[in-house]
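Engineer: Got a structure here, written out as structure tokens. Questions coming.
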Amino acid sequence: WTSLPIVQPPDLLDPLQGDFRFHYAPLWVGNPPQLQHLAISISSAPVYLFDTACTYCPANNTFDPTLTNTLKVNQELKWPWSSKDIQAHTINDDISFEGILSSPQQPFGLVDSLSEQYWLRFREGLLGLAVNPNNQTTYTYSLLARLHKSGNLLNPVVGLKLGGSSPRLTIGALDPNDYDGEINWVERVESVNQLQTAVPVEALRGRDDRILPYSYPLTTVLSTLDQDIFMPNNSVYFLNTSYIGPQSLINIFPSGGYAVGCDITLENRKWDDVYLPFSVDINGVNYPVDSKDLVRPQSLGSTNVTCRTAFKNTTADEDPLLLGLSFLRSVYLAYRFPTEDCPYGHFGFAYPKGANRTSATISQKPRTAPEHASQCLQLVKPTTTPSSKKITFMPKNQYNQFGAEVEQTTYEVWGRPDDARTPLIGVKELPPQVVDTHKNSPFWW
Numbered sequence: 019w020t021s022l023p024i025v026q027p028p029d030l031l032d033p034l035q036g037d038f039r040f041h042y043a044p045l046w047v048g049n050p051p052q053l054q055h056l057a058i059s060i061s062s063a064p065v066y067l068f069d070t071a072c073t074y075c076p077a078n079n080t081f082d083p084t085l086t087n088t089l090k091v092n093q094e095l096k097w098p099w100s101s102k103d104i105q106a107h108t109i110n111d112d113i114s115f116e117g118i119l120s121s122p123q124q125p126f127g128l129v130d131s132l133s134e135q136y137w138l139r140f141r142e143g144l145l146g147l148a149v150n151p152n153n154q155t156t157y158t159y160s161l162l163a164r165l166h167k168s169g170n171l172l173n174p175v176v177g178l179k180l181g182g183s184s185p186r187l188t189i190g191a192l193d194p195n196d197y198d199g200e201i202n203w204v205e206r207v208e209s210v211n212q213l214q215t216a217v218p219v220e221a222l223r224g225r226d227d228r229i230l231p232y233s234y235p236l237t238t239v240l241s242t243l244d245q246d247i248f249m250p251n252n253s254v255y256f257l258n259t260s261y262i263g264p265q266s267l268i269n270i271f272p273s274g275g276y277a278v279g280c281d282i283t284l285e286n287r288k289w290d291d292v293y294l295p296f297s298v299d300i301n302g303v304n305y306p307v308d309s310k311d312l313v314r315p316q317s318l319g320s321t322n323v324t325c326r327t328a329f330k331n332t333t334a335d336e337d338p339l340l341l342g343l344s345f346l347r348s349v350y351l352a353y354r355f356p357t358e359d360c361p362y363g364h365f366g367f368a369y370p371k372g373a374n375r376t377s378a379t380i381s382q383k384p385r386t387a388p389e390h391a392s393q394c395l396q397l398v399k400p401t402t403t404p405s406s407k408k409i410t411f412m413p414k415n416q417y418n419q420f421g422a423e424v425e426q427t428t429y430e431v432w433g434r435p436d437d438a439r440t441p442l443i444g445v446k447e448l449p450p451q452v453v454d455t456h457k458n459s460p461f462w463w
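To convert, note that position 238 of the sequence shown is 256 in this note's numbering; the numbers rise steadily by one, no gaps.
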């Protein structure tokens, strides 16, 4: 098993402020290995990378197929996720997590082109963790399934600590250093859109633990590619102070979203001082959601005195509830992926280690055990700490907290001689120019 660091955005931002909501994990691809940081998806199956020659792909740190000695073009497998928005072909190459868990000649997608409208703008590619043994086409591409079938994994599980300090992704075991409390396991339920990450939610709560009036249980999709919370008729929550609590201001958007008062011009006032009481009940256990991840910092899309929130509306043709990163950063998530001897799929919830949770909250116990717990959840506890192997890989640049490539050279800030020198993103792509700084030159300003 292995434990990997996750590159996380410190805050969940309004989309108008940039696409910084994804969480990235490192993957070593090829021989010699190229270090790629891929967006983590628990609801998607494929692993794909962006070719250096890809049209309209992100320009940072793309995968160069000419630099690996073990790549093979797979002529037999047509990449099944190609569409008008994303075109890719299947290749096979060696993949590993820090040299500890390896999948030789793993099939994955190498993206040739993206449409300009394609909204999933990952930095370097996608790490799909969803496993569906009932779909043989997608199962063939599953990295987790291949690691399990080859005997590389201590357990067929994944652990995700997305929020707080020291975010981690564990594969093959659940690390007790990442969570507090008992893991609350529930079995996956059927989703309207056939997603593999749906679970039953027993209640949504607002102020003073009051239950919002919906028809429970709610079939709920978990998604690391969505940052918001999509619920039926969110006005039930926002337009009733018994649920949302006292707010200085509430602003309604035509799209169905809401903003709350966060006037940062007031003395010592910060956007994350706003408090929205919200929690989720799953199998008899209540999970509070950190208010900081429910309110977005001020952006071009908000006024001087309001901040957008994480709550959106679902539609009639969707599952009634979707819990994105605004919720998932407040819990520890375990995934016992389906295997041939346990085809059901289970998700477990606990509290992230180091989160601000009371002992009474952490000591809650699940109401029931899943029906197939004895068949699927007899997991082996890790007795050793994984130690990464020394890997000689193709040199790559450093990344900021958003997963973006950062130029290693630093530069002075124009007109501010006392400021610290700073790196710049994308400076290598700027065309060189010669500027005569002599005051008598026509090019001086």
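Cβ coordinates follow ideal geometry from the N, Cα and C atoms, glycine included.
Computed from a predicted model, the values in this text were never measured in an experiment.
#1: With valine 175 and alanine 191 assumed to form a contact (beta carbons below 8 angstroms), what rounded beta-carbon distance in angstroms separates them?
#2: Let me know the beta strand (DSSP E) ranges lying completely inside the region 133–211, each 3 residues or longer, listed in chain order.
#3: Have a look at isoleucine 201 and aspartate 299 and give me their C-alpha separation to the nearest angstrom.
#4: Measure the Cβ-Cβ separation of proline 370 and tyrosine 350 and say whether it is below 8 angstroms.
#5: What residues in its chain sit with their C-beta under 6 angstroms from that of arginine 347, if we drop five residues either side in the sequence?
#6: Nearest-angstrom Cα distance between glutamine 416 and glycine 117?
#7: I believe asparagine 217 touches leucine 240 by the beta-carbon criterion, under 8 angstroms. Please report the beta-carbon distance rounded to the nearest angstrom.
#8: Go ahead and pull the three-state DSSP assignment for serine 59.
#9: Which term fits aspartate 226, buried or exposed, when burial requires 16 or more other beta carbons within 10 angstroms of its beta carbon?
#10: Looking at the unbroken beta strand (DSSP E) that takes in valine 217, where does it start and where does it end?
#11: Just the C-alpha distance for phenylalanine 68 and serine 21, rounded to the nearest angstrom, thanks.
#12: Exposed or buried, what is aspartate 335 when buried is set at 16 or more other beta-carbons lying within 10 Å of its beta-carbon?
#13: Return the Cβ separation of threonine 332 and leucine 341 in integer angstroms, given the expectation that the two are a contact with Cβ distance under 8 angstroms.
#14: List the endpoints of the continuous beta strand (DSSP E) containing isoleucine 109.
#15: I need the straight-line Cα distance from serine 131 to leucine 343, nearest angstrom please.
#16: Once you ignore the five residues that flank leucine 85 on each side, which residues in its own chain have a CB closer than 8 angstroms to its CB?
#17: Sorted by chain position, which residues of the same chain lie with C-beta nearer than 8 angstroms to threonine 158's C-beta, five sequence neighbours on each side aside?
#18: Mapping DSSP to helix, strand and coil, what is isoleucine 268?
#19: In chain order, what residues of the same chain have a beta carbon less than 6 angstroms from the beta carbon of aspartate 492, not counting five sequence neighbours either side?
#20: Given this structure, state the Cα-to-Cα distance separating glycine 169 from glycine 143, to the nearest angstrom.
#21: Kindly indicate which three-state DSSP category tyrosine 353 falls into: helix, strand or coil?
#22: Of the residues Asn78, Asn110, Phe140, Glu358, which one's Cα is nearest the Cα of serine 59?
#23: Classify leucine 466 as buried or exposed, calling it buried when 16 or more other Cβ atoms lie within 10 Å of its own Cβ.
#24: Who are the near neighbours of cysteine 394 in its chain, counting only those whose CB is closer than 7 angstroms to its CB and skipping five residues on each side?
#25: Taking all protein chains shown into account, do 16 or more other C-beta atoms lie within 10 angstroms of the C-beta of phenylalanine 271, making it buried, or fewer, making it exposed?
#26: To the nearest whole angstrom, what separates the beta carbons of leucine 45 and arginine 39, a pair I think is in contact under 8 angstroms?
#27: For the alpha helix (DSSP H) that contains cysteine 394, what are its first and last residues?
#28: Please list the terminal residues of the continuous alpha helix (DSSP H) segment that includes serine 21.
#29: Please look up how many angstroms separate the CB atoms of threonine 8 and proline 64, rounded, as I've assumed it's under 8 angstroms.
#30: By how many angstroms is the C-alpha of leucine 222 removed from the C-alpha of alanine 378?
#31: Compare the C-beta of alanine 71 against all C-beta atoms of chain C and say whether one is closer than 8 angstroms.
#32: Count the other CB atoms within 10 Å of the CB of glutamine 419; is the residue buried (16 or more) or exposed (fewer)?
#33: Between which two residues does the beta strand (DSSP E) harbouring isoleucine 300 extend?
#34: Going by beta-carbon coordinates alone, are tryptophan 99 and histidine 107 separated by less than 8 angstroms?
#35: Would proline 384 and asparagine 301 be called neighbours here (beta carbons separated by less than 8 angstroms)?
#36: Going by the beta-carbon positions, is the gap between serine 209 and alanine 148 smaller than 8 angstroms?
Structural biologist: Considering the structure as presented:
#1: Between the beta-carbon of valine 175 and that of alanine 191 there is about 7 angstroms, and that keeps the pair under the 8 angstroms contact cut.
#2: Those beta strand (DSSP E) runs which fall completely within the region 133–211 and span 3+ residues are 143–146, 175–179, 186–189, 197–205.
#3: Rounded to whole angstroms, the gap between the alpha carbons of isoleucine 201 and aspartate 299 is 14 angstroms.
#4: The answer is yes: Cβ separation under 8 angstroms.
#5: Within the same chain, arginine 347 has close Cβ partners Leu180, Gly181, Asp311.
#6: Its pLDDT being 49, under 50, glutamine 416 is placed unreliably in this model, and the value from its coordinates should be taken loosely. Each residue's Cα considered, the two are about 20 angstroms apart.
#7: Looking at the sequence shown, residue 217 is not asparagine but valine. 7 angstroms between Cβ atoms; contact.
#8: In the structure shown, serine 59 sits in a strand (DSSP, three-state: E or B).
#9: Looking at its Cβ environment, which holds fewer than 16 other Cβ atoms inside 10 Å, aspartate 226 is exposed.
#10: Here the beta strand (DSSP E) through valine 217 covers 216–219.
#11: The alpha-carbon separation between phenylalanine 68 and serine 21 amounts to approximately 25 angstroms.
#12: So aspartate 335 ends up on the exposed side.
#13: With a beta-carbon spacing of about 11 angstroms, threonine 332 and leucine 341 fall beyond the 8 angstroms limit used to define contacts.
#14: Taken as a continuous stretch (DSSP letters only), the beta strand (DSSP E) holding isoleucine 109 covers 104–115.
#15: When only Cα atoms are considered, serine 131 and leucine 343 end up about 27 angstroms apart.
#16: Closer than 8 angstroms at Cβ, skipping near neighbours: Gly48, Pro50, Gln52, Met412.
#17: Counting only Cβ-Cβ distances below 8 angstroms, and skipping sequence neighbours, we find Leu95, Pro125.
#18: The three-state reading of DSSP puts isoleucine 268 in strand, counting E and B together.
#19: Residue 492 falls outside the range modelled here, since the chain spans only 19 to 463, and no answer is possible.
#20: Cα to Cα, glycine 169 sits roughly 26 angstroms from glycine 143.
#21: It is a strand residue.
#22: That would be Phe140, whose Cα lies nearest to the Cα of serine 59.
#23: Nothing can be reported for residue 466, as the shown portion of the chain is limited to 19 through 463.
#24: Same-chain partners within the cutoff: Arg354, Cys360, Tyr362, His364.
#25: Phenylalanine 271 should be labelled exposed.
#26: Distance from leucine 45 to arginine 39 at the Cβ level is roughly 20 angstroms; contact not present, criterion being Cβ atoms closer than 8 angstroms.
#27: For cysteine 394, the enclosing alpha helix (DSSP H) covers residues 391–394.
#28: Unbroken run through serine 21 is the beta strand (DSSP E), 20–23; no alpha helix (DSSP H).
#29: Nothing can be reported for residue 8, as the shown portion of the chain is limited to 19 through 463.
#30: Between the C-alpha atoms of alanine 378 and leucine 222 there is a straight-line separation of about 19 angstroms.
#31: Included in the structure is just one protein chain, with no chain C present.
#32: Confidence in glutamine 419 is poor, its pLDDT being 40 and thus under 50, which makes the residue's placement unreliable; the coordinate value appears in the next sentence. Burial check for glutamine 419: the Cβ neighbour count within 10 Å stays below 16, so the residue is exposed.
#33: Boundaries of the beta strand (DSSP E) around isoleucine 300: 297–300.
#34: With contacts defined by Cβ atoms closer than 8 angstroms, tryptophan 99 and histidine 107 do not form a contacting pair.
#35: Taking C-beta atoms as the reference points, proline 384 and asparagine 301 count as a pair closer than 8 angstroms.
#36: At least 8 angstroms separates the beta-carbon of serine 209 from that of alanine 148.
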